[in-house]
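Number of protein chains: 2
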Amino acid sequence: MSTPRSPRKSRIKTMNEGLILEAALDLFSRFGFRGTTLDGIALRAEMSKPNLLYYFKSKEDIYEAVLERTLAEWLAPLTGLDEDGEPIEEIRKYIAAKIALSERNPKASRLFATEILQGAPSVAGVLSGPLKKIVDRKARTIRKWIADGRIAPVDPYHLIFMIWAVTQHYADFEVQIRAVLGERALGRKHFDAAEKSIMTVLIEGLRPRG
Amino acid sequence: MSTPRSPRKSRIKTMNEGLILEAALDLFSRFGFRGTTLDGIALRAEMSKPNLLYYFKSKEDIYEAVLERTLAEWLAPLTGLDEDGEPIEEIRKYIAAKIALSERNPKASRLFATEILQGAPSVAGVLSGPLKKIVDRKARTIRKWIADGRIAPVDPYHLIFMIWAVTQHYADFEVQIRAVLGERALGRKHFDAAEKSIMTVLIEGLRPRG
DNA sequence: CCATAATTTGATCAGATGGTCAAGAATGAG
DNA sequence: CTCATTCTTGACCATCTGATCAAATTATGG
């Protein structure tokens, strides 16, 4: 059999897999699974279609590889919410981390958005498994903070949904935001303004009522 | 020529156009323009593909008709924000209206989400034209409220983006929310809980600081 | 009932799409 | 250098997709 004794990937393989996944992210994040073609990915990755299928055995394989590659990064920040920290400061840090992610990797955000919009055919298991588990845990943390009177009483799940919504909005709806603001591109100043506004409203809204 | 003297549509035409647009909304809202097929629409509308093209001359025509049909409804609530009303109450009413829309017509929300994600090829003009115009106007209203010390100082544009984000999130990311909450469907109680949480945080966050 | 217009669809087409295959080109360890 | 392995692609295929057309069927008003 051709099982490689050395599990090390050749430089060519590493590079081409990277090129393919980058091109695939670009297209899948805009057009979803069905709306993206192998020809399109091949064109953007500057290689022939059969070569694509030499590295990944099907379109679905490419899609799942792209999803997996960004899933961990995307879900990581929530883990950082520390029960022993100062509640308002912890939430502030979480929001900042999510906004930074939206600014740094908007395509990853849009990839998940299209996947969810299409009914999450590939990540349904992650949503109801690992994601639900960690959200449940963090919801308990937030509930404890509320019980201790350290933040205002809000449903923890909907608070998390709100944070997801406002932070990812800038990546997912970038085109709309650019159009309304009359800008060619969203730069640092826009993300700074967004972060400031979000902090103003959310953090003040969460302060324990006197 | 075949110009119909009476501009009235036959009952059959009215009904079939309705069936087509309904089926098209269902598919376009999930798979976007590229990911949706005429065969798929024909199947869901329970009629032959050539009959589809008897009522609309191309796939693009169907897409634009579906978009136009929901665009007005979707943008309407913002118009209602009344400069002469009580600021907090006006914003509360706007949020309630947007949540109601997300609950009543989630597919319309997802249709716009996919359109925007794909770069807004069909509605770019609306975004930078009519939409920008009305947002600019309402931003002036909000700025006035802030100047009068009736709400906390926030960038008006980002405030509007935040409201869009948190309200549409429940339609666009419904699958994810269901998975995390462990529910089969999102019913009234979830939308009530969502609305309550959003009001708690946003409205409190907007109260003028003492 | 008749004639005209409106509606419906099977057959068909050109081009796109996901995927295969065999053969050629580049690479690299010994 | 040498040859086995890795990499690359042109040609090809079956199926799908948007669209057309002519022929058949069904309303509708007089």
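As you go down the protein sequences, you meet chains A and B in turn.
Letter by letter, the first sequence follows residues 2 to 211 in the numbering used here.
Letter by letter, the second sequence follows residues 2 to 211 in the numbering used here.
Yeah, the Cβ is synthetic: ideal placement off N, Cα and C, and Gly gets one too.
All of these numbers come straight from a predicted model, not from anything done at the bench.
Over the uninterrupted alpha helix (DSSP H) stretch that includes residue i, give me the two end residues.
{"i": "Val136 (chain B)", "result": "133 to 148"}
{"i": "Leu197 (chain B)", "result": "Looking at the sequence itself, residue 197 (chain B) is Lys, so the reference to Leu does not match. Lys197 (chain B) -> alpha helix (DSSP H) spans 189 to 199."}
{"i": "Ser119 (chain B)", "result": "Inspection of the sequence shows that residue 119 (chain B) is occupied by Gln rather than by Ser. It is not in any alpha helix (DSSP H) - Gln119 (chain B) carries neither H nor E in the DSSP assignment."}
{"i": "Val176 (chain B)", "result": "175 to 182"}
{"i": "Glu91 (chain A)", "result": "88 to 105"}
Could you check which residue in the options has the C-alpha nearest to that of residue i?
{"i": "Ala114 (chain B)", "options": "B:Ala166, B:Ile135, B:Glu90, B:Ala66", "result": "B:Ala166"}
{"i": "Arg45 (chain A)", "options": "A:Ser59, A:Phe57, A:Leu28, A:Tyr56", "result": "A:Leu28"}
{"i": "Ala109 (chain B)", "options": "B:Asp83, B:Ile92, B:Ala66, B:Thr142", "result": "B:Ala66"}
{"i": "Gln119 (chain B)", "options": "A:Ile164, A:Arg189, A:His191, A:Gln177", "result": "A:Gln177"}
{"i": "Thr37 (chain B)", "options": "B:Pro78, B:Glu61, B:Leu160", "result": "B:Glu61"}
{"i": "Ala153 (chain A)", "options": "A:Glu23, A:Pro88, A:Trp75, A:Arg141", "result": "A:Pro88"}
{"i": "Phe192 (chain A)", "options": "A:Pro107, A:Glu18, A:Leu82", "result": "A:Pro107"}
{"i": "Thr168 (chain B)", "options": "B:Gly126, B:Ala24, B:Gly130, B:Ala194", "result": "B:Ala194"}
{"i": "Glu116 (chain A)", "options": "A:Asp173, A:Ser49, A:His159", "result": "A:Asp173"}
{"i": "Gly183 (chain A)", "options": "B:Pro131, B:Leu82, B:Leu160, B:Gly183", "result": "B:Pro131"}
{"i": "Leu26 (chain B)", "options": "B:Leu207, B:Arg151, B:Leu72", "result": "B:Leu72"}
{"i": "Tyr55 (chain A)", "options": "A:Trp75, A:Lys14, A:Asp85", "result": "A:Lys14"}
{"i": "Glu69 (chain B)", "options": "B:Leu22, B:Ile92, B:Thr142, B:Pro78", "result": "B:Leu22"}
{"i": "Ser30 (chain A)", "options": "A:Asp40, A:Glu47, A:Arg111, A:Glu84", "result": "A:Arg111"}
{"i": "Ala140 (chain B)", "options": "B:Ala125, B:Phe162, B:Arg179", "result": "B:Phe162"}
{"i": "Gly126 (chain A)", "options": "B:Arg189, B:Ala43, B:Arg179", "result": "B:Arg179"}
{"i": "Ile143 (chain A)", "options": "A:Ala43, A:Leu207, A:Ser59, A:Gly41", "result": "A:Leu207"}
{"i": "Ala101 (chain B)", "options": "B:Ser59, B:Pro51, B:Arg189", "result": "B:Arg189"}
{"i": "Arg151 (chain A)", "options": "A:Arg138, A:Val136, A:Arg210", "result": "A:Arg210"}
{"i": "Ser129 (chain B)", "options": "A:Glu175, A:Val136, A:Ala43", "result": "A:Glu175"}
Do residue j and residue i count as a contact pair if the criterion is CB distance below 8 Å?
{"i": "Phe57 (chain B)", "j": "Arg35 (chain A)", "result": "no"}
{"i": "Val155 (chain A)", "j": "Thr201 (chain B)", "result": "yes"}
{"i": "Glu205 (chain B)", "j": "Ala97 (chain B)", "result": "no"}
{"i": "Tyr171 (chain B)", "j": "Ser103 (chain B)", "result": "yes"}
{"i": "Val181 (chain B)", "j": "Tyr158 (chain A)", "result": "yes"}
{"i": "Lys99 (chain A)", "j": "Ile164 (chain A)", "result": "yes"}
{"i": "Leu82 (chain B)", "j": "Glu91 (chain B)", "result": "yes"}
{"i": "Lys145 (chain A)", "j": "Glu84 (chain A)", "result": "yes"}
{"i": "Leu160 (chain A)", "j": "Ser198 (chain B)", "result": "yes"}
{"i": "Leu53 (chain A)", "j": "Leu39 (chain A)", "result": "yes"}
Can you tell me whether residue i is buried or exposed? The criterion is at least 16 other CB atoms within 10 Å of its CB, across all chains shown.
{"i": "Ser11 (chain A)", "result": "exposed"}
{"i": "Lys134 (chain A)", "result": "exposed"}
{"i": "Ala121 (chain A)", "result": "buried"}
{"i": "Ala148 (chain B)", "result": "exposed"}
{"i": "Arg6 (chain A)", "result": "The predicted position of Arg6 (chain A) is uncertain, since its pLDDT is 43 and thus under 50; a value taken from the coordinates is nonetheless stated next. With fewer than 16 Cβ atoms within 10 Å of its Cβ, Arg6 (chain A) is classed as exposed."}
{"i": "Ala77 (chain A)", "result": "exposed"}
{"i": "Arg105 (chain B)", "result": "exposed"}
{"i": "Ala186 (chain A)", "result": "exposed"}
{"i": "Met16 (chain A)", "result": "exposed"}
{"i": "Gly41 (chain B)", "result": "buried"}
Continuous alpha helix (DSSP H) assignments of at least 4 residues falling wholly in the segment 18 to 78 of chain A = 39 to 46, 50 to 56
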